[in-house]
Structure formats: structure tokens, C-alpha cells
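The opening residue of the sequence shown carries number 1 in my numbering; numbering runs sequentially from there.
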Amino acid sequence: MDYKEARERMVNDQIIGRGIKDKCVIEAMLEIPRHLFVLYADRDLAYGDYPLSIGEGQTISQPYMVAWMTEILSLKGEEKVLEIGTGSGYQGAILAKLSKEVYTIERHKVLAERVEKIYDELGIKNIKVIIGDGTEGLSLYAPYDRIIVTAGTPKIPPPLIEQLGDGGRLVAPIGTSYLQMLILLEKNGEKTKITELGSCVFVPLVGKFGWKE
Ligand code: SAM
């Protein structure tokens, strides 16, 4: 299979075709080899318009969802970003391309270790994978300019709001375990503004400030 051609088709049909305009997001999605982030047997399906199973009961998000959430973050290249839910590592690779430094937290050790290997092989150095409960955030490197939660949660975990810097943006799917609303939280001083952007479906965020196991 010609993966470059598949990637171009994915970007034209699913990303540009559905209204994503941020040129940097488009370029990153043309460049990052998504097929290397899925299970070996699924490589030929990597550019399809759907999420795929990656083991441990988890998924790599649909390409459009990755593009949409990344566009909402409005990255300029200088940001420190925190991702909750490393999963396949694909979203993290896109974030690493478009920002200065990325910290990504995954609760499944097997997934986190697989992703670390992929980043090493691809020479992606400005991202650090951490095994743990992302609902508690990562106070060590806070504050963050951007936070992205890639698993569905009943409410925004309070530590994430605390660890978001002034002027920061946080994007997360909030709702029930089977349907969520993608929200953008913007922090300005003591004030936070929440905007609802549209419905989505993610696997659950499991942890102290998310769903219980
Ligand atoms: N961003 C991912 C990608 O590019 O493939 C998609 C992530 S997948 C939809 C959600 C991930 O969140 C799963 O890998 C799951 O194990 C992880 N997760 C769920 N709860 C978590 C938590 N409390 N802390 C860290 N990771 C968590």
C-alpha cells in the first residue's frame, strides 16, 4: 500500500473536506506516518475515517477528531502542552510537531512503552511519555499553555484547570460514558470560559477525577 498517497487522500477528504483550515495542522497530518501508530495487522486501515483498536481495550482516535482537537488548541509553536491519554501516540506526535514541548500521560504501561519506542524510532524528542493517572495532571512541569484530554470524562478534572496557565486553552470531551460534548475551556486570570463545540464519543477517562474503574 502507498501510505503517502493514503495520507494525502485522508487529509483531502476527511480533514480539509470537513473544514479544517489551520495550515500547520494540515501539514502535520500529511507528514506524520499514522500507519506506524496502529497495530501492525491494521496498517492498511490506518488512514480510514474511523478510530481503530490499539489493544488494552483502547483506541486511536479518528483522524478528523485529532485534527479538530488540535486546531482548537490553536498552537503557534512555542507552547508547553499536556496530553491526557497517550493511547497510540499519534495525537502526541502531531502536538510535538506543532509546539515546543509535550508531556503525555497514559495509564496503561504497555501502551506507554510502545509509544516511547515509536517516538525514539521517529526521532521525536520534544515529547515525554509518563505512566500514571492523568486526571491528577502533572504538577511537576505546570503551568501548561495547552491541555488536551483524549478520553471522555464526567467533568473536567480540577487539577487540570489548576495546572492550566493564564491565557491557556483546554480541550476535553465531557459527558456520559457513551456520548460526550467536546468543550473548550479558556482561562483568563481567575476567570474561566467554557464553550461547547459539538458531540463526540471517546473511551472513558479512568482515574481519581474521572470514571471509577
Ligand atoms: N490520543 C490518543 C491517540 O492519539 O491515539 C487516543 C487516546 S484513547 C482515545 C484514550 C486513552 O486514554 C487510552 O489509551 C486510555 O488508556 C487513556 N486513559 C484513560 N484514562 C486515563 C487516565 N486517567 N490517565 C491517563 N490515560 C488515561
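C-beta atoms are modelled at their ideal positions from N, C-alpha and C, and glycine is treated no differently.
- Between the alpha carbons of G165 and A142 lies a gap of roughly 8 Å.
- Residues L95, S99, V102, R146 of the same chain have their beta carbon placed closer than 6 Å to that of V81, with the five preceding and five following residues left out of the count.
- For the pair of segments examined, the stretch 148-156 was found not to touch the stretch 121-133: the number of CB pairs separated by less than 8 Å stays below three.
- By the Cβ criterion, the stretch 172-182 is in contact with the stretch 191-208, since at least three pairs of Cβ atoms, one from each stretch, lie closer than 8 Å.
- Ranked by Cα distance from V206, the first of V149, D2, K76 is V149.
- If you ignore the 5 residues before and after Q14, its C-beta comes within less than 6 Å of the C-beta of D49, P63, Y64, all in its own chain and listed in chain order.
- N188 is bridged by DSSP to K191.
- Contact between V171 and I105 is ruled out by a C-beta separation of about 15 Å, above the 8 Å threshold.
- Shown here, E116 sits in a helix according to DSSP, grouped into three states.
- Within the same chain, R7, E8, V11 come within 8 Å of L30 by CB-CB distance, once the 5 residues on both sides are set aside.
- Here DSSP, grouped into helix, strand and coil, assigns V149 to strand.
- The alpha helix (DSSP H) runs of length 4 or more contained entirely in the stretch 18-48 are, from start to end of the chain, 23-31.
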